[in-house]
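**Student:**
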Amino acid sequence: MSKQLFKRLIPKHDTIRNNKYLQIFGRLLHAPYLWHINRHSTAGAFAVGLFMAFVPVPFQMILAASSAIFFRVNLPLAVALVWVTNPITMPAIIYFCYVIGAFVLGYRVELFVFSIPDGGFWEFLHSMKDAFWPFLLGCMISGTIFSLLGYFGVHLVWRWHVIHRWNLRRTKRLIKN
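Just so you know, my numbering puts 322 at position 107 of the sequence shown, and the rest follows in order with no gaps.
(1) Considering Cα atoms alone, identify which of Ser357, Asn392, Phe367 and Ile239 is closest to Ile309.
(2) So what's Ile252 in DSSP terms, helix, strand or just coil?
(3) Do you know offhand how far Ala295's Cα is from Met276's?
(4) For the alpha helix (DSSP H) containing Asp345, list its first residue and its last residue.
(5) Buried or exposed, going by whether 16 or more other CB atoms sit within 10 Å of the CB of Ile378?
(6) Quick check: the Cα distance between Ser256 and Gly334, rounded to an integer number of angstroms?
(7) Whose C-beta lies closer than 7 Å to the C-beta of Arg287 among residues of the same chain, with five residues either side of it excluded?
(8) Ile284 CB to nearest chain D CB: under 8 Å?
(9) Are the beta-carbon atoms belonging to Tyr313 and Ala268 less than 8 Å from one another?
(10) Cβ of Asn289 within 8 Å of Cβ of His341?
(11) DSSP state of Asp229, grouped into three classes?
(12) Does DSSP classify Gly321 as helix, strand or coil?
(13) For Gln275, report the span of its alpha helix (DSSP H) as first-last.
(14) Please state whether DSSP places Pro271 in a helix, a strand or coil.
(15) Of all the options Pro349, Glu338 and Asn301, which has the alpha carbon lying nearest to the alpha carbon of Leu326?
(16) In angstroms, rounded to a whole number, what distance separates the CA positions of Val263 and Leu389?
(17) Could you check which residue in Val324, Val272, Val319 and Glu338 has the C-alpha nearest to that of Gly353?
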């Protein structure tokens, strides 16, 4: 885990501060701890961003930003990680969450039918009511699991990277002497 890699990948300060949807946070966006890249803020940002990516509501970026401010973790990384769920990955993630929730609730897993019935949109919504609770539970379980995996994964990879760098420096010193 290189700081330079994160600095290249995450959005810049000005991009976040000038986002019209994030202006509701005002001066809170100027807190320095929201922009630091270290093991703890990065791991926390992974946890926040990955959990919020699985919350099935619109404007996940605002939820991720407010959670990053509350938990004092890296804001740009938390906001960027919400895009794990994007229009390309969303159908697979929706079905995955539904299957997880249905399994936990003991429901029989059924295939989603994404066609509008003859009764129109409202009949479609009514037909989806049986899938709502398994889907919601699956989202919460998936969000929790992936946020924990992200949090501990960052700590593990960061620590491995630091030890690897120490060993390289030690080897260089031994060769030099």
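The C-beta atom is built at its ideal place from N, Cα and C for all residues, glycine as well.
Quick caveat, the model's predicted, so the values are computed rather than measured.
**Tutor:** On the basis of the supplied data:
(1) Taking the sequence shown and counting its residues from 1, one reaches residue 309 at position 94. Shortest Cα-Cα distance from Ile309 to any of Ser357, Asn392, Phe367 and Ile239 involves Ser357.
(2) In the sequence shown, residue 252 corresponds to position 37, counting from 1. In the structure shown, Ile252 adopts coil according to DSSP, grouped into three states.
(3) As a position in the sequence shown, residue 295 is number 80, starting the count at 1. As a position in the sequence shown, residue 276 is number 61, starting the count at 1. Approximately 8 Å, taken between the alpha carbons.
(4) Sequence index remark: in the sequence shown, residue 345 carries index 130 (1-based). Secondary structure note for Asp345: its alpha helix (DSSP H) is the uninterrupted segment Lys344 to Lys391.
(5) By 1-based counting over the sequence shown, the position of residue 378 is 163. Label assigned to Ile378: exposed.
(6) Within the sequence shown, the letter at position 41 stands for residue 256. Within the sequence shown, the letter at position 119 stands for residue 334. Cα-Cα distance, rounded: 50 Å.
(7) Counted from its first residue, the sequence shown places residue 287 at position 72. Residues Tyr248 of the same chain have their beta carbon placed closer than 7 Å to that of Arg287, with the five preceding and five following residues left out of the count.
(8) Included in the structure is just one protein chain, with no chain D present.
(9) Within the sequence shown, residue 313 is the residue found at index 98, counting from 1. Within the sequence shown, residue 268 is the residue found at index 53, counting from 1. Their beta carbons are not under 8 Å apart, which means Tyr313 does not touch Ala268 by this criterion.
(10) On the sequence shown, position 74 is the one that residue 289 refers to. On the sequence shown, position 126 is the one that residue 341 refers to. No, the pair does not count as a contact, with Cβ atoms beyond the cut-off.
(11) Translated into the one-based positions of the sequence shown, residue 229 becomes position 14. Here Asp229 sits in helix by DSSP.
(12) On the sequence shown, residue 321 is found 106 positions in, with the first residue counted as 1. Note: Gly321 maps to coil in three-state DSSP.
(13) The count along the sequence shown starts at 1 and reaches residue 275 at position 60. For Gln275, the enclosing alpha helix (DSSP H) starts and ends at Gln275 to Phe286.
(14) Taking the sequence shown and counting its residues from 1, one reaches residue 271 at position 56. Coil at Pro271, not helix or strand.
(15) In the sequence shown, the residue the question calls residue 326 occupies position 111. Ranking the options by Cα distance to Leu326, first place goes to Pro349.
(16) Taking the sequence shown and counting its residues from 1, the one referred to as residue 263 is at position 48. Taking the sequence shown and counting its residues from 1, the one referred to as residue 389 is at position 174. In a straight line, the C-alpha of Val263 is about 42 Å away from that of Leu389.
(17) One-based indexing of the sequence shown puts residue 353 at position 138. Minimum Cα-Cα distance from Gly353 among the listed residues Val324, Val272, Val319 and Glu338 corresponds to Val319.
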